[in-house]
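Here the structure comes first, spelled out in structure tokens, and everything after it is commentary.
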Amino acid sequence: MRRLIVFLIALAGFGTAAADSVAFFNVNVVPMNSEQVLEARTVVVEDGVITAIGAVDSQPVPDDAVVVDGTDRYLMPGLAEMHAHVPDAARTSNLDRTLTLFAANGVTLVRGMLGQSSHLELRQELLDNEMFGPRLITSGPSMNGNSVQGPEDGARKVRAQHAAGYDFVKIHPGLSAEEYRAIATTAQELGMPFAGHVPASITLQIALDAGMATIDHLDGYIAALMPADSDESGGYGGFFGVLLADQLVEERIADVAARTAASGTWNVATEALFEHRVSEAGVVEMSNWPDMQYMPESTVQRWIESKERQLAERGFDAEMGKRAIEIRRKLILALHEAGAGLLLGSDAPQVFNVPGFSLHRELAFMVEAGLTPFEAIATGTTAVAEFFGSNGGSIEVGRDADLVLLDANPLQDIRNTRRVHGVMLRGTWYSRAALNERLEALRSLAR
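Per this note's numbering, residue 3 is the first one in the sequence shown, and the count goes up by one each step.
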């Protein structure tokens, strides 16, 4: 652990520009406030904010600026991972690994969905550039069937998390209907968002009516697609309802999507989490993906065992997995077409979801579901800014400078979001060489 910390500290100045001014010279801009590419631009960043965007032959470059060559490259807003698991800040090696993998992949904001007290200080340290990594939005500790002891306790915990300064409340499975309602009512009274799972004790419509900020994993949607005379909870359906796939009524998808749009609740599909676990892709193939080299062997082995348990579950087979994936992709497209908000998130680190890398796979799954590359990228940029009411998400004068420089146009091929040439975190520039050095440090310690 100490070896990693010392190594990363030693790299702080390597390929890094922490100057007050940075200029991206002769770069193609993917602004994301509209579907276009602004060719041959100079983008000036000063004190962490975009201060100028102009044609390369007319936009002045500040005398003191660090100049980044953008020739034949594409500058876009940084991506947001809206369902992340951030380690305890006291577990330094795990924390450094997670934050580094996110940032090196162009992820400039994460929403931590399993919060703890150490994240409150970590959130500020990241904001102040005292630590390398993306901005952090953090939930409080999970509200679940083990942590909440009745409706009054749930309401008390919401008030305590609000007073502590957490950004939102995380809902996990196991809550009774009464506990869920008490938590939701208290959170609404305090103006504190609550998000996550739809407990089996309630229906999707109850969650929508309660005003959940986000539903994650499309939780509750499979049960909502069951025949009308079915148990409203769907009964035991396995991993996010996969065992119910052959019973679903596709004709209900449009109605469910319309009701979601009307409610104002957003969705974080985490399709990578689902497809990696239930798809036919073999564990040998997946464990040999290049990104697995950055994770400890013990972690990859646990992921292998998790997928093997899924494939061996009674009642599950490959055709059922395919059908569940097909239905979920139709749901994603229907939600998008109905105007229900979609936010990018993969749930990392989780089963075969290496932080950062899995978000690019999530983008590919969004495109496979029917979104265009522009629409998919928007779920991790402009949509996130809209959801939070924040100052990022697009490349415009006055916006926060959380940016990623790519070696190819992401609007032409969504896979080009993986071709990260460098990343700007809160106005500080990290070159590909600097990012590679950090990744190499992780790789060497993972084995």
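Beta carbons: idealized from backbone N, C-alpha and C, even for Gly. Since we're looking at a predicted model, the values are computed, not measured.
Burial state of residue i (16 or more Cβ within 10 Å)
{"i": "E299", "result": "exposed"}
{"i": "S360", "result": "buried"}
{"i": "T73", "result": "exposed"}
{"i": "P229", "result": "exposed"}
{"i": "P292", "result": "exposed"}
{"i": "N107", "result": "buried"}
{"i": "A247", "result": "buried"}
{"i": "D169", "result": "buried"}
For residue i, the three-state DSSP class (helix, strand or coil)
{"i": "I217", "result": "strand"}
{"i": "P375", "result": "helix"}
{"i": "R205", "result": "Here the sequence assigns Thr to residue 205, which means Arg is not the residue at that position. Coil at T205, not helix or strand."}
{"i": "T346", "result": "Note that residue 346 is Leu in the sequence shown, not Thr. Coil, per DSSP."}
{"i": "Q352", "result": "strand"}
{"i": "N107", "result": "coil"}
{"i": "G341", "result": "coil"}
{"i": "N96", "result": "helix"}
{"i": "D22", "result": "coil"}
{"i": "E48", "result": "strand"}
{"i": "S178", "result": "coil"}
{"i": "F359", "result": "helix"}
{"i": "S120", "result": "helix"}
{"i": "E41", "result": "strand"}
{"i": "G167", "result": "coil"}
Same chain, Cβ closer than 8 Å to residue i, neighbours up to 5 away in sequence not counted
{"i": "D2", "result": "The requested residue 2 does not occur in the structure, where the chain is confined to residues 3 to 449."}
{"i": "L335", "result": "A371, G372 and L373"}
{"i": "L10", "result": "Note that L10 scores a pLDDT of 34, beneath 50, so its modelled location is shaky; the value from the coordinates is reported in the next line. Contacts found: D98, T102, F134, R440 and A443."}
{"i": "V109", "result": "G80, L81, A82, E83, P136, P357, G358 and L361"}
{"i": "G239", "result": "I224, A225, L245 and L246"}
{"i": "V8", "result": "With a pLDDT of 33 at V8, under the threshold of 50, the predicted position of this residue should be treated as unreliable, though the coordinate-derived value follows. Nothing meets the Cβ criterion."}
Neighbourhood of residue i by C-beta distance below 7 Å, restricted to the same chain and skipping five residues each side
{"i": "V244", "result": "V280, F318, M322, G323 and A326"}
{"i": "N355", "result": "A274, L275, H278, S348 and D349"}
{"i": "F376", "result": "E37 and L413"}
{"i": "H174", "result": "S144, M145, N146, G198 and H199"}
Any non-hydrogen atom of the ligand SAH closer than 6 Å to residue i Cβ
{"i": "V160", "result": "For the ligand SAH, the structure offers nothing, since it holds no ligand at all."}
Contact set for residue i: own chain, Cβ-Cβ below 6 Å, skip 5 residues either direction
{"i": "M34", "result": "P79, T383, T384 and S396"}
{"i": "L227", "result": "L250, V251 and R254"}
{"i": "R1", "result": "Outside the displayed range of the chain (3 to 449) lies residue 1, so it cannot be described from this structure."}
{"i": "P64", "result": "S23"}
{"i": "I52", "result": "V399, R401 and A403"}
Any chain C beta carbon closer than 7 Å to residue i
{"i": "R113", "result": "Absent here is chain C; the protein component of the structure consists of one chain."}
Any beta strand (DSSP E) of 3 or more consecutive residues that is wholly inside the segment 381-441: 405-408, 422-427 and 430-433
field: Whole beta strand (DSSP E) elements within the segment 59-93, 3-residue minimum
entry: 68-71, 76-79 and 81-86
message: Assess contact between the segment 217-226 and the segment 264-284, defined as three or more Cβ pairs (one per stretch) separated by less than 8 Å. Is contact present?
response: yes
- request: Say whether the segment 305-316 touches the segment 275-295, bearing in mind that this needs 3 or more beta-carbon pairs closer than 8 Å, one atom from each stretch.
  value: yes
field: Runs of beta strand (DSSP E) lying entirely within the segment 238-299, each at least 3 residues, in chain order
entry: 268-270
query: Quick one: any contact between the segment 181-191 and the segment 113-132, if contact means 3 or more CB pairs under 8 Å?
result: no
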